[in-house]
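K.L.:
Numbering (my numbering), first residue to last: 73 to 259. All residues carry an ideal CB built from backbone N, CA and C; glycine is no exception.
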Amino acid sequence: YFDYMPNLKYVYLSNNRIINIHRNAFDNLEKLENLFLDQNSIKLLDNRLFNSIRILNLSDNEMTSISSGYFSNIKIENIILNSNLIEKIEENSFVNIFEMFSLDLNSNNLSYISNKFYNFLNATKKFKPMFYFFNLSHNKLIDLDFLNNIYLNQLKYLDLSYNLIKFLDRTNLKNLASLELLYLSYN
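(1) Of the choices Lys-188, Leu-128, Arg-95, Asn-88, whose alpha-carbon is the least far from that of Tyr-73?
(2) At what residue ranges does the region 143-192 contain a whole run of the beta strand (DSSP E), taking only runs of 3 or more?
(3) To the nearest angstrom, how far is it from the Cα of Ile-152 to the Cα of Glu-162?
(4) Which term fits Leu-232, buried or exposed, when burial requires 16 or more other beta carbons within 10 angstroms of its beta carbon?
(5) Checking the sheet assignment: what are the DSSP bridge partners for Asp-231?
(6) If you follow the beta strand (DSSP E) that Asn-106 is part of, which residue opens it and which one closes it?
(7) Report the option in Phe-205, Ile-90, Tyr-190, Met-77 whose CA atom is closest to the CA atom of Glu-134.
(8) How would you write the range of the beta strand (DSSP E) that Tyr-82 sits in, first residue to last?
(9) Tell me the DSSP secondary structure of Asn-244 in three-state form.
(10) Hey, Ile-263 and Leu-117 are a contact pair by Cβ (cut 8 Å); roughly how many whole angstroms apart?
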């Protein structure tokens with residue numbers, strides 16, 4: 073589709089009623105940094121669409137879950153998935169994403185997140201994830217066991233406001249020593 077535009081860095085495909093994107097659509101865009109697919113009707117996205125990108129905006133679509141391996145072995149910094157219909161995030165949904173800085177999942181229907189949703193296979197002991205920003209506000213989360221993930225140890229911002237959390241266990245917070253902002257309002 074974009075074969076004759078090798079220098080393209082930004083692609084805005086917002087609000088176009090897109091349902092599906094061919095897996096080779098962005099093959100020749102080696103300089104692509106920002107991909108905006110928000111406000112469409114995307115239910116499922118082929119995880120082989122790109123290898124390296126700074127910002128992926130899939131907000132306001134019709135995605136219902138993030139399955140195992142969905143985001144794996146890619147270089148991506150910011151993933152925006154707010155205002156979808158996502159109910160669950162399975163084990164190893166985000167695997168070997170070494171430069172993920174932020175993940176925004178606010179305003180979904182999330183009720184389950186595996187405690188191994190964010191994982192690194194064969195990571196060295198010296199490895200430090202760059203995952204700093206995690207927005208889970210306006211969901212249906214009750215259980216916070218997913219916070220027992222050792223790779224959340226660099227997290228600085230965590231928004232759990234407007235969920236259904238009734239109980240907070242100390243063990244859920246043990247890997248969050250770097251946390252600077254914690255929002256638990258309106259639970």
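P.N.:
Concretely, from the data shown:
(1) Arg-95
(2) 147-152, 174-176
(3) 17 Å
(4) buried
(5) Asn-207, Tyr-255
(6) 106-108
(7) Ile-90
(8) 82-84
(9) helix
(10) Outside the displayed range of the chain (73 to 259) lies residue 263, so it cannot be described from this structure.
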